[in-house]
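Visitor:
Protein chains: 4
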Amino acid sequence: MFRYFTAGESHGPSLTGIVEGTPAGLELSEGFIEQHLVRRQKGYGRGGRMAFEKDKAIIQSGVRFGKTTGAPVAFSMVNRAFEKDDSNWPKVMAKEGERGDVEKITLPRPGHADLVGVQKYDFDDIRPVIERSSARETAMRVACCSVARAFLKELGIEIGGHVIQIGSIGYSDWDDVRAIADPLAENGSESIYKEADKSDVRCLNSDLSHQMREEIKHRRKEGTSLGGIYEIVVTGLPAGLGSYVHWDRKIDGQIAQAIVSTQAMKGVEIGLGFEAARSRGHEVHDEIVYKNHFSRRTNRAGGIEGGMTTGMPVIIRGAMKPIPTMIKPLKTADLETKKEQDTRYERSDVCALPRAVVVAESVIAPVLANAILEKFGGDSMNEIRTRFQNRTS
Amino acid sequence: MFRYFTAGESHGPSLTGIVEGTPAGLELSEGFIEQHLVRRQKGYGRGGRMAFEKDKAIIQSGVRFGKTTGAPVAFSMVNRAFEKDDSNWPKVMAKEGERGDVEKITLPRPGHADLVGVQKYDFDDIRPVIERSSARETAMRVACCSVARAFLKELGIEIGGHVIQIGSIGYSDWDDVRAIADPLAENGSESIYKEADKSDVRCLNSDLSHQMREEIKHRRKEGTSLGGIYEIVVTGLPAGLGSYVHWDRKIDGQIAQAIVSTQAMKGVEIGLGFEAARSRGHEVHDEIVYKNHFSRRTNRAGGIEGGMTTGMPVIIRGAMKPIPTMIKPLKTADLETKKEQDTRYERSDVCALPRAVVVAESVIAPVLANAILEKFGGDSMNEIRTRFQNRTS
Amino acid sequence: MFRYFTAGESHGPSLTGIVEGTPAGLELSEGFIEQHLVRRQKGYGRGGRMAFEKDKAIIQSGVRFGKTTGAPVAFSMVNRAFEKDDSNWPKVMAKEGERGDVEKITLPRPGHADLVGVQKYDFDDIRPVIERSSARETAMRVACCSVARAFLKELGIEIGGHVIQIGSIGYSDWDDVRAIADPLAENGSESIYKEADKSDVRCLNSDLSHQMREEIKHRRKEGTSLGGIYEIVVTGLPAGLGSYVHWDRKIDGQIAQAIVSTQAMKGVEIGLGFEAARSRGHEVHDEIVYKNHFSRRTNRAGGIEGGMTTGMPVIIRGAMKPIPTMIKPLKTADLETKKEQDTRYERSDVCALPRAVVVAESVIAPVLANAILEKFGGDSMNEIRTRFQNRTS
Amino acid sequence: MFRYFTAGESHGPSLTGIVEGTPAGLELSEGFIEQHLVRRQKGYGRGGRMAFEKDKAIIQSGVRFGKTTGAPVAFSMVNRAFEKDDSNWPKVMAKEGERGDVEKITLPRPGHADLVGVQKYDFDDIRPVIERSSARETAMRVACCSVARAFLKELGIEIGGHVIQIGSIGYSDWDDVRAIADPLAENGSESIYKEADKSDVRCLNSDLSHQMREEIKHRRKEGTSLGGIYEIVVTGLPAGLGSYVHWDRKIDGQIAQAIVSTQAMKGVEIGLGFEAARSRGHEVHDEIVYKNHFSRRTNRAGGIEGGMTTGMPVIIRGAMKPIPTMIKPLKTADLETKKEQDTRYERSDVCALPRAVVVAESVIAPVLANAILEKFGGDSMNEIRTRFQNRTS
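Protein chains in written order, with our numbering: chain F, 7 to 399; chain G, 7 to 399; chain D, 7 to 399; chain L, 7 to 399.
1) Report the residue from D/SER139, D/LYS110, D/VAL240, D/VAL108 whose alpha carbon sits nearest the alpha carbon of D/GLY123.
2) Check the C-beta distance from G/GLY324 over to G/VAL251 and give it rounded, since I have them as a contact under 8 Å.
3) Would a check of beta-carbon distances place F/TRP95 closer than 8 Å to chain G?
4) Within 10 Å of its beta-carbon, does G/THR315 have 16 or more other beta-carbons around it, so buried, or fewer, so exposed?
5) Taking the C-alpha atoms as reference points, what is the distance between F/GLY31 and F/ASN388?
6) F/SER285 touches chain G at which residues, Cβ-Cβ below 9 Å?
7) Return the chain-ordered list of same chain residues with a C-beta closer than 6 Å to the C-beta of F/ARG226, the five sequence neighbours on each side being excluded.
8) Hey, F/PRO114 and G/ILE294: beta-carbon distance below 8 Å or not?
9) Of all Cβ atoms in chain G, is any one closer than 8 Å to the Cβ of D/THR22?
10) Is the shortest distance between the beta-carbon of D/ASP206 and the beta-carbons of chain G less than 8 Å?
11) Can you tell me the Cα-Cα spacing of G/ARG45 and L/ARG391, whole angstroms?
12) Would you give the residue range spanned by the alpha helix (DSSP H) that F/SER152 belongs to?
13) How is the beta strand (DSSP E) around D/GLN347 delimited, first residue to last?
14) Does L/TYR199 come out as helix, strand or coil in the three-state DSSP assignment?
15) Give the single residue among D/ILE222, D/ARG142, D/GLU367 whose Cα lies nearest to the Cα of L/ARG284.
16) So the candidates are D/SER386, D/LEU210, D/PHE394; which of them puts its Cα closest to the Cα of G/PHE129?
17) Between F/VAL98 and F/ALA119, how many whole angstroms is the CB-CB distance? I'm expecting something under 8 Å.
18) Helix, strand or coil, according to DSSP, for L/SER368 in the structure here?
19) Return yes when the Cβ of G/ALA307 is within less than 8 Å of the Cβ of G/LEU158, no when it is not.
20) Give a yes or no on whether the minimum CB-CB distance between D/PRO19 and chain L is below 8 Å.
21) To the nearest angstrom, report how far apart D/VAL207 and D/GLU281 are at their CA atoms.
22) Give a yes or no on whether 8 Å exceeds the smallest Cβ distance from L/PHE280 to chain D.
23) Using beta-carbon positions only, say whether L/VAL25 and L/CYS150 come within less than 8 Å of one another.
24) If you count every other CB in all the chains shown that lies within 10 Å of the CB of L/GLN41, and 16 or more means buried, which is it?
25) Does D/ILE39 get closer than 8 Å to chain G when you measure Cβ to Cβ?
26) How many angstroms separate the CA atom of D/PHE38 from the CA atom of D/TYR199?
27) The beta strand (DSSP E) spanning G/ILE64 covers which residue range?
28) Could you give the uninterrupted runs of the alpha helix (DSSP H) lying entirely in the stretch 274 to 353 of chain F, keeping only those of 4 residues or more?
29) Using a Cβ-Cβ cut-off of less than 9 Å, give me the residues of the stretch 65 to 79 of chain L that come near chain F, in sequence order.
30) What is the DSSP secondary structure of F/LEU121, reduced to helix, strand or coil?
31) Counting only Cβ pairs nearer than 8 Å, list the residues of chain F close to L/MET99.
32) For G/PHE412, does the three-state DSSP call read helix, strand or coil?
And the structure:
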């Protein structure tokens with residue numbers, strides 16, 4: 007079973023990750039990981055950080071001659087900013103010694119973990135909360151999850167995501183999205199992300215891409231921020247992953263946790279999702295057909311019925327809130343003085359959707375990989391591949 | 007830590023449940039459990055089943071003189087239908103012996119676990135899939151989760167749910183719902199469910215209730231079915247449950263799994279949810295204020311920031327698909343003949359929302375109770391209550 | 007993955023068990039379970055309880071026409087004593103109502119969970135501790151674990167146990183045990199338990215059996231009690247279950263937990279165990295040979311190297327302490343008065359070893375079954391059996 | 007809850023570890039970790055490796071100004087050998103590229119994970135098995151577990167171990183050990199390890215120390231190896247950690263897993279352990295006394311009854327097999343040629359007991375720390391310490 011921990015602070019010396027439970031014999035390279043790390047860093051609407059910080063996950067263990075050994079795969083990723091000459095991060099983030107004249111941060115930002123983090127962990131300084139709750143952590147999460155993604159890919163299971171909504175701009179309905187995404191997914195859903203990557207807002211529709219960029223530009227001027235919705239499509243999954251027999255084995259529940267456990271996510275839906283709730287049964291359920299094998303005429307269920315994959319593409323959507331750090335201030339109150347104050351001006355991105363897609367593609371990979379391992383078992387890729395190819399459904 | 011298993015088939019002799027991890031000294035009675043079981047059974051739009059089947063969870067262990075002992079609490083619940091004179095369930099569901107002339111079910115119903123269940127478990131008969139994937143299981147789930155609910159209640163944490171959408175009928179926006187639900191929640195959110203229970207569609211707004219009933223009536227005549235959206239509000243939670251430090255400790259992710267792991271759920275959102283994705287930052291984030299203690303001016307985050315409770319009410323919404331069993335048939339294909347066929351006519355409910363609310367109120371209780379146990383620890387209610395009352399945030 | 011909960015008190019109305027994670031298509035009957043329940047009840051040195059209490063686990067779910075369906079298997083087991091006319095258990099163990107004149111037990115018995123149980127759960131009465139910590143619980147544990155045992159058996163994996171020491175009476179060394187047990191295990195280790203069952207102390211050597219009975223008789227007269235050591239042998243396991251890569255995946259560690267988590271166990275060893283610690287390397291390590299396949303010349307490792315099964319029989323030994331309830335009193339102190347007192351006279355068994363063997367055989371079954379599922383995966387017995395038979399090591 | 011992963015190969019560039027679940031506000035320094043790392047490296051009977059390899063765990067995250075932040079603590083530890091000029095490890099252990107002329111290891115060593123590891127993971131080279139199954143991994147395990155150990159220490163819970171048997175040399179019985187260890191433990195059991203550390207075989211008795219050294223010297227000349235038995239004593243634990251209500255919550259079972267999941271361990275016992283099995287009840291059970299608080303006259307149970315701590319010192323013993331790498335060869339068979347061969351001469355330690363003690367002290371720390379967290383809950387040391395000090399039992 008794939009299990010992973012990430013560690014590291016936003017401005018600490020490095021991020022660390024360990025992936026335990028990888029089968030042996032899986033092809034894995036730093037290059038494969040890097041492509042998704044680079045994708046995660048790109049996207050319209052970024053602030054200035056990107057230029058100086060190109061992430062690279064260094065494999066420290068678990069891989070020999072380009073293949074996994076079954077032993078834990080460890081990654082380290084240097085935070086380039088940490089050692090910059092003019093940076094005082096080594097002092098601010100010092101692991102040993104006294105605080106000295108390092109300033110405390112006492113102004114909690116609405117929409118961030120700041121206030122509650124301080125209350126929970128009994129801090130008088132918001133700094134450690136910022137450092138760990140930051141989306142910087144997702145860099146290592148993408149690295150770790152990419153191991154599971156490589157595993158899925160070797161079995162022909164592909165994951166591809168794209169942005170379908172930024173602020174008020176988006177597709178008008180489910181069918182509109184299907185019309186553009188489904189043909190791409192026919193030969194594997196990596197085509198979806200590859201096509202989407204051509205747009206710096208990761209939207210497949212070029213008109214919408216243009217509008218989204220305009221919206222971002224507009225809201226940046228206003229000093230506010232934007233959220234949005236992404237869609238992730240997974241192709242190549244066999245039927246019968248997950249189970250209806252016990253609640254915690256339902257694969258849609260597991261996917262929902264993975265998505266909502268990602269920074270800034272406020273909602274998730276499978277297939278038609280909330281639209282299904284507003285529709286009549288005959289507009290929702292997918293008729294069953296038999297042509298050489300059983301299939302569905304439509305896929306409004308998003309590839310999951312009864313907590314199990316149906317063999318149709320799995321379609322997941324996530325709702326991301328606007329970035330809470332904004333130029334135009336919000337009201338807040340200081341931890342020490344308790345006085346009402348404006349949040350401080352901070353340079354920030356306006357919209358994180360284009361990058362959040364890559365994180366979402368990543369975090370569902372271990373969920374799906376574990377469902378494969380539960381169904382097919384095995385310790386080496388040879389063993390697993392053979393069983394996967396000999397499957398009957 | 008509260009852990010539970012449910013067992014049992016829809017038409018087997020009984021349902022069984024075990025709850026492990028209950029602190030000692032918690033007041034618990036069959037009457038407390040029963041009130042939620044009864045609520046789960048009630049709701050406009052039910053088919054004929056309700057009349058003959060009033061659920062009662064019999065406590066088999068773990069409770070003495072009205073209080074838990076810390077030992078596992080076991081429940082048994084008779085399926086009244088099983089032993090009816092004219093029923094052949096004992097024969098159809100026989101645990102031993104040969105199948106004999108018991109008919110196989112070979113026509114999978116779209117929208118149910120039927121087809122995939124058979125593929126997964128290598129069956130030639132859909133019967134065992136129907137029996138376990140049915141929402142009948144939620145009766146025992148409600149019983150099991152009610153133990154956690156009693157625990158929360160003893161600490162002043164209340165859970166209340168109501169229906170906000172059935173098919174196309176629902177509140178126009180977030181503020182409309184807040185205007186009616188928030189005043190009720192002020193003295194604890196059980197007021198919400200108690201008020202909602204006065205409507206047989208569990209909607210707080212009587213005009214909408216009327217329209218929902220009409221919609222159900224209308225769609226029943228059409229032979230189709232309806233889904234909808236519920237909202238669950240939790241009051242009395244302290245700040246700081248969950249954590250931002252590791253993905254699987256984020257309480258919103260855990261809640262999302264619990265909701266989506268319930269039969270027929272296709273989506274979940276926290277606070278503004280998908281609406282947040284379509285809004286600008288300043289319309290979403292809750293400003294921080296200090297009056298004796300830190301609080302938020304608004305609660306559009308739905309009581310969760312950075313994967314932790316903020317101390318404001320937790321607001322969760324779930325999207326349920328329309329019931330897949332419908333009078334007007336859908337196309338499907340027979341497992342044996344592979345021939346296209348209409349689904350069979352089956353008596354069924356049209357809309358399960360009013361009852362699904364009670365299930366949702368229940369399934370989040372163990373998630374929250376475990377977060378409390380993680381924060382406060384303890385083996386007995388005396389120990390836990392004291393710490394809870396002495397908390398600082 | 008096999009997971010199970012047991013519930014129930016020693017003198018409550020019934021015991022309950024749920025086994026979640028069983029593959030579909032496994033043959034399972036109440037008769038199969040019963041044979042091990044009956045074995046668990048038999049053994050020289052029992053007190054009077056046995057006569058009136060023949061256990062039967064009633065399957066409540068998860069089995070149809072003699073085969074599992076993949077759904078949770080629930081068991082209920084009536085406590086016959088509960089409803090006896092002259093028993094006041096329904097009053098003493100009442101789940102509702104006030105305590106009334108039901109006496110509190112305030113004299114903790116050394117060697118039992120009594121004192122700590124009361125301290126932990128904040129009780130003023132030892133009764134609930136006695137009820138749940140009692141070995142009565144193992145009746146349901148045997149039932150639940152028997153599902154995993156049936157699974158293993160269908161793959162040709164057999165478990166058999168025997169007593170090798172009672173008090174001071176036992177085999178002189180490892181080789182003595184091997185000489186009698188190994189030939190029996192050659193055709194599957196169920197032969198071991200079947201042969202051992204012919205002795206009422208479950209010892210394979212008839213001379214030792216006689217001495218053990220004499221020892222028990224002698225110590226009963228003295229008013230004291232006895233413990234001992236059992237050995238469990240598992241045959242038919244493939245090589246490579248468990249793993250060396252992460253500590254919690256080592257199968258010897260998992261087995262050790264299962265054994266020591268059983269009532270009254272104070273030690274466990276694999277293969278030569280503590281004797282290995284006192285020996286030189288050349289007396290311990292098993293040379294590797296190749297004859298058609300790789301094997302070991304000896305099996306002093308007890309079938310486990312590097313946290314993995316070697317393909318040789320797994321040999322586990324457990325050390326059980328003497329029964330703490332004894333006729334000749336020990337000193338203790340009353341919970342209320344704090345005064346020193348003698349423990350009360352209680353009718354009790356003198357030695358539980360013969361029955362503990364059956365419990366031990368049972369509790370390791372889920373550990374091994376889960377290792378099989380991890381290696382071979384699968385949802386139905388057909389799927390699993392095929393892969394198991396096609397394995398290469 | 008403390009959770010940790012270790013990663014890294016014996017001759018890879020570095021070891022990595024992540025500890026997730028640490029409360030905030032715990033004092034932690036690299037110096038604290040280092041003292042146990044250094045202890046782990048010392049001990050009579052080592053081969054030549056020690057000189058060039060002094061371990062240092064570098065904290066990469068989770069600690070600021072000398073205190074934990076609640077975020078995951080990551081460690082990296084350089085393998086000094088890896089980059090030595092004359093070493094070809096970077097080539098042998100290359101993560102990328104082809105194998106080239108790097109030799110395969112095809113001669114499995116009896117007693118190691120070699121043969122089964124290759125079978126399990128489908129390797130044609132034993133190298134990756136050696137690299138991960140090696141006791142080198144315990145260096146990072148000690149580092150990770152030391153975080154839990156610092157946590158316990160801050161609450162006054164101390165862990166101390168010593169060697170009681172090496173090969174045939176050891177204390178004659180339980181009382182002999184108690185006579186020397188218990189007085190030391192009276193002021194906290196760190197006194198035990200501090201005293202034991204004065205002996206290079208970590209034995210408290212100087213006569214035995216001398217004999218053990220002689221035994222090691224003797225067996226080295228013979229070309230064989232030795233195992234032995236250690237004892238770990240934990241003082242300062244409150245009563246009531248663990249539970250009798252469900253098998254996997256029994257703390258003795260959890261401890262047993264932790265011990266046996268350590269390299270080369272073949273057995274574990276609590277308190278009298280196997281000696282209890284050979285004794286009569288009156289020689290085993292600890293009478294209860296009341297003097298201001300409840301206590302036991304003796305502690306033959308080793309501080310655990312009914313799966314719970316009693317408040318008396320916890321006493322654990324582990325049996326380690328002799329080191330399998332030995333100068334005098336054993337027979338084995340080549341993976342490729344299948345031909346019988348002698349194992350190759352390898353420089354190796356003769357006895358690892360003195361170092362294994364430190365590993366054992368370490369691995370039980372997370373088990374105990376988690377039991378404390380379960381009982382007392384909490385996110386910061388202030389919160390936990392207050393509750394711990396206010397406890398009633």
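Ideal placement from N, C-alpha and C gives every residue a C-beta, glycine not left out. Predicted, not measured: the structure shown is a model, and the values here were computed from it.
Guide: Taking the geometry as given:
1) With distances taken between Cα atoms, D/GLY123 lies closest to D/SER139.
2) Actually they are not in contact, since the Cβ atoms of G/GLY324 and G/VAL251 sit about 27 Å apart, beyond 8 Å.
3) Contacts with chain G at 8 Å (Cβ-Cβ) do not include F/TRP95.
4) That one is buried.
5) If I take the Cα positions, the gap works out to 7 Å.
6) Ordered by position in chain G, the residues that pass the 9 Å Cβ test against F/SER285 are GLY173, SER174, LEU232, GLY233, LYS327, PRO328.
7) Only VAL356 meet the Cβ criterion.
8) Yes; because the gap between Cβ atoms is below 8 Å, this pair is in contact.
9) For D/THR22, the answer is yes, since a Cβ of chain G falls inside 8 Å of its Cβ.
10) Look at D/ASP206: its C-beta is not under 8 Å from any C-beta on chain G.
11) Straight-line spacing of the CA atoms in G/ARG45 and L/ARG391 works out to 43 Å.
12) From DSSP, the alpha helix (DSSP H) with F/SER152 extends over 143 to 160.
13) Note, D/GLN347: beta strand (DSSP E), 346 to 348.
14) Note: L/TYR199 maps to helix in three-state DSSP.
15) For L/ARG284, the closest alpha carbon among the candidates D/ILE222, D/ARG142, D/GLU367 is that of D/ILE222.
16) Minimum Cα distance to G/PHE129 is reached at D/SER386.
17) Going by Cβ atoms, the distance from F/VAL98 to F/ALA119 rounds to 19 Å, so no, they are not a contact pair.
18) Under the three-state reduction of DSSP, L/SER368 is assigned to helix.
19) Taking the C-beta atoms as reference points, G/ALA307 is found no nearer than 8 Å to G/LEU158.
20) Nearest CB-CB separation between D/PRO19 and chain L: not below the 8 Å threshold.
21) Spanning the two alpha carbons is a distance of roughly 24 Å.
22) Yes, its Cβ sits closer than 8 Å to a Cβ of chain D.
23) A contact, by the Cβ cut-off of 8 Å.
24) Counting of Cβ neighbours within 10 angstroms places L/GLN41 among the exposed residues, the total staying below 16.
25) Cβ-Cβ to chain G under 8 Å: no for D/ILE39.
26) D/PHE38 and D/TYR199 have their C-alpha atoms roughly 15 Å apart.
27) Under the DSSP assignment, G/ILE64 falls in the beta strand (DSSP E) whose first and last residues are 64 to 67.
28) If we require 4 residues or more, the alpha helix (DSSP H) runs fully inside the stretch 274 to 353 of chain F come out as 280 to 283, 287 to 290.
29) The stretch 65 to 79 of chain L vs chain F, Cβ under 9 Å: ILE65, GLN66, SER67, GLY68, VAL69, ARG70, PHE71, GLY72, THR75, GLY76, ALA77, PRO78, VAL79.
30) F/LEU121 falls in the helix class under three-state DSSP.
31) Under the 8 Å cutoff, chain F gives ARG70.
32) It is not possible to answer for residue 412 of chain G, since the shown part of chain G is limited to 7 through 399.
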